[in-house]
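Trainee: Going by this note's numbering, the sequence shown opens with residue 1195, and the numbers climb by one from there. Don't be surprised by glycine CBs; every beta carbon is placed ideally from N, CA and C. One structure follows; several queries about it will come next.
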Amino acid sequence: MGKSVRVCFGILAVLLAPLLSGCLGVDKITDLGLNRGIPGGLTLACLDDSVYTSMVVEVDYHPGYKPETSSTNMLQERLDSVCDKPQGIEILLTETTFSNDEIWTANDVRETGWDEKSSNPRDDSTLYWQVIFPAGTYEDSSVLGVAVDASTVAMFKDSIDDAENIFRRPSAEKIENSVLVHEFGHLLGLVNLVYTSPVEHEDSEHPGHSNNEDSVMYWAIESASISNFFSNELPTEFDIDDKQDLIGLADGSISCTDQLWRP
Ligand SMILES: [Zn+2]
């Protein structure tokens, strides 16, 4: 039984791997076994308040890599606007010296993220999501941020700084703002990661991403070429289709797969 399930997941992971490249690092078969889930695996836990009434976003940053206050404030606001957490959403900042300051794989991010978690992602009535801000770059250095499982994100500030063009339009701070919200959008299952939207707004050439350049889930938000697509203002909000998807998932009118928890 166990064996056939693993084989089945294996085939699934192999099929998904080429589709979910870029900022979605979900190509490791074994993680399904560890129940860390895939990005979007805790979507319902975030959208529903029947058990998880509060939420903590743990932010662990390498010395010198503290996120901009504007980024964490914006993330808190965006999560607040879509998640149902009557007891509130808290951002918990911790300076942490990571041993790796060079090249990060999806697995490195996952292992380090889980080492730094102060709690299981689901603890009593609190949902814990985590982001690390390490030194160094992702194995594909054009990736600015990555969501690697149901509760873990990494943000690569060195690459974000490099993505800023000489005109600082957009600035590294603005890029960080948008990429952080974008990666947590993946933890919310956007776009079509754990459901199929009734509206066609997933970019056909960039699975898991929006085709609307006014959505923070637009595909170019993940990449170092970001300043080629935007001369100043970057999207920082989920668009109407993203929001409608989340509303449909919350009220059950859109069915949701791969959940670690269901109401
Ligand atoms: Zn992305």
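Just how far apart, CA to CA, sit residue 1402 and residue 1253?
Mentor: By 1-based counting over the sequence shown, the position of residue 1402 is 208. By 1-based counting over the sequence shown, the position of residue 1253 is 59. Spanning the two alpha carbons is a distance of roughly 24 Å.
Trainee: Give the DSSP-derived three-state secondary structure of residue 1350 in the structure shown.
Mentor: Sequence index remark: in the sequence shown, residue 1350 carries index 156 (1-based). Here residue 1350 sits in coil by DSSP.
Trainee: Is DSSP giving residue 1369 helix, strand or coil here?
Mentor: On the sequence shown, position 175 is the one that residue 1369 refers to. Of the three classes helix, strand and coil, the one that applies to residue 1369 here is helix, per DSSP.
Trainee: Does DSSP put residue 1442 in a helix, in a strand, or in coil?
Mentor: By 1-based counting over the sequence shown, the position of residue 1442 is 248. Helix at residue 1442.
Trainee: What separation, rounded to the nearest whole angstrom, lies between the Cα atoms of residue 1224 and residue 1370?
Mentor: Against the sequence shown, residue 1224 aligns to sequence position 30. Against the sequence shown, residue 1370 aligns to sequence position 176. Bear in mind that a pLDDT of 45 at residue 1224, under 50, signals an unreliable position, so the number given afterwards is only what the model happens to contain. Those two C-alpha atoms are separated by around 30 Å.
Trainee: Does the separation of the CB atoms of residue 1234 and residue 1442 fall below 8 Å?
Mentor: Locating residue 1234 in the sequence shown gives position 40, counting from the first residue. Locating residue 1442 in the sequence shown gives position 248, counting from the first residue. Taking 8 Å as the Cβ cut-off, residue 1234 and residue 1442 do not qualify as a contacting pair.
Trainee: Can you give the Cα-Cα distance for residue 1333 and residue 1297, rounded to whole angstroms?
Mentor: Along the sequence shown, read from residue 1 onward, the residue named residue 1333 stands at position 139. Along the sequence shown, read from residue 1 onward, the residue named residue 1297 stands at position 103. Using only the alpha carbons, I get a separation of about 6 Å.
Trainee: Taking residue 1407 as part of the beta strand (DSSP E), name the residues at either end of that continuous run.
Mentor: Position 213 of the sequence shown holds residue 1407. From DSSP, residue 1407 is part of no beta strand (DSSP E); its letter is neither H nor E.
Trainee: For residue 1324, write down the residues that DSSP places opposite it in a beta bridge.
Mentor: On the sequence shown, position 130 is the one that residue 1324 refers to. Partner(s): 1252 and 1346.
Trainee: For chain D, check one thing: does any of its Cβ atoms lie closer than 8 Å to the Cβ of residue 1440?
Mentor: Annotation note: the requested chain D is absent from the structure, which comprises a single protein chain.
Trainee: Check whether the Cβ atoms of residue 1416 and residue 1373 sit closer than 8 Å, and answer yes or no.
Mentor: For the purposes of this step, residue 1416 is taken as residue 222 along the sequence shown, with counting starting at 1. For the purposes of this step, residue 1373 is taken as residue 179 along the sequence shown, with counting starting at 1. In this structure, residue 1373 lies closer than 8 Å to residue 1416 by Cβ.
Trainee: Measure the beta-carbon distance from residue 1388 to residue 1453 and round it to whole angstroms, keeping in mind my assumption that it falls under 8 Å.
Mentor: For the purposes of this step, residue 1388 is identified with residue 194 of the sequence shown, where counting begins at 1. For the purposes of this step, residue 1453 is identified with residue 259 of the sequence shown, where counting begins at 1. Indeed they touch by this definition, with Cβ atoms about 7 Å apart.
Trainee: Ligand 1 heavy atoms versus the CB of residue 1416: any closer than 7 Å?
Mentor: Counting from 1 along the sequence shown, the entry for residue 1416 is found at position 222. Residue 1416: yes, Cβ under 7 Å from ligand 1.
Trainee: On the three-state DSSP scale, how would you describe residue 1455?
Mentor: Indexing the sequence shown from 1 puts residue 1455 at position 261. Coil, per DSSP.
Trainee: Measure the CB-CB distance between residue 1396 and residue 1404 and report whether it falls below 8 Å.
Mentor: In the sequence shown, residue 1396 corresponds to position 202, counting from 1. In the sequence shown, residue 1404 corresponds to position 210, counting from 1. In contact: residue 1396 and residue 1404 (Cβ atoms closer than 8 Å).
Trainee: Under the three-state reduction of DSSP, which class applies to residue 1230: helix, strand or coil?
Mentor: The residue given as residue 1230 occupies position 36 in the sequence shown. In the structure shown, residue 1230 sits in coil (DSSP, three-state: anything other than H, G, I, E or B).
Trainee: Please report how far the alpha carbon of residue 1241 lies from the alpha carbon of residue 1358, in whole angstroms.
Mentor: The residue labelled residue 1241 in the question sits at position 47 within the sequence shown. The residue labelled residue 1358 in the question sits at position 164 within the sequence shown. One C-alpha to the other measures close to 34 Å.
Trainee: What residue range is occupied by the uninterrupted beta strand (DSSP E) comprising residue 1283?
Mentor: Taking the sequence shown and counting its residues from 1, one reaches residue 1283 at position 89. Note, residue 1283: beta strand (DSSP E), 1283-1289.
Trainee: Sorted by chain position, which residues of the same chain lie with C-beta nearer than 6 Å to residue 1377's C-beta, five sequence neighbours on each side aside?
Mentor: As a position in the sequence shown, residue 1377 is number 183, starting the count at 1. Here the set comprises 1339, 1341 and 1347.
Trainee: For residue 1279, which of 1444, 1427 and 1398 has the nearest alpha-carbon?
Mentor: Taking the sequence shown and counting its residues from 1, one reaches residue 1279 at position 85. Minimum Cα distance to residue 1279 is reached at 1444.
Trainee: From residue 1272 to residue 1314, what does the alpha carbon distance come to, in whole angstroms?
Mentor: Here residue 1272 is taken as the residue at index 78 of the sequence shown, counted from 1. Here residue 1314 is taken as the residue at index 120 of the sequence shown, counted from 1. About 23 Å.
Trainee: Around the C-beta of residue 1281, are 16 or more other C-beta atoms found within 10 angstroms, so that it is buried, or is it exposed?
Mentor: Looking up residue 1281 in the sequence shown gives position 87. That one is exposed.
Trainee: Would you say the beta carbon of residue 1269 comes nearer than 7 Å to a heavy atom of ligand 1?
Mentor: As a position in the sequence shown, residue 1269 is number 75, starting the count at 1. No, the beta carbon of residue 1269 sits no closer than 7 Å to any heavy atom of ligand 1.
Trainee: Nearer than 7 Å: is that true of the beta carbon of residue 1235 relative to any heavy atom of ligand 1?
Mentor: Position 41 of the sequence shown, counted from the first residue, corresponds to residue 1235. False, no ligand heavy atom lies under 7 Å from that Cβ.
Trainee: Quick one: grab the DSSP three-state call for residue 1449.
Mentor: The sequence position of residue 1449 within the sequence shown is 255, counting from 1. Three-state result, residue 1449: coil.
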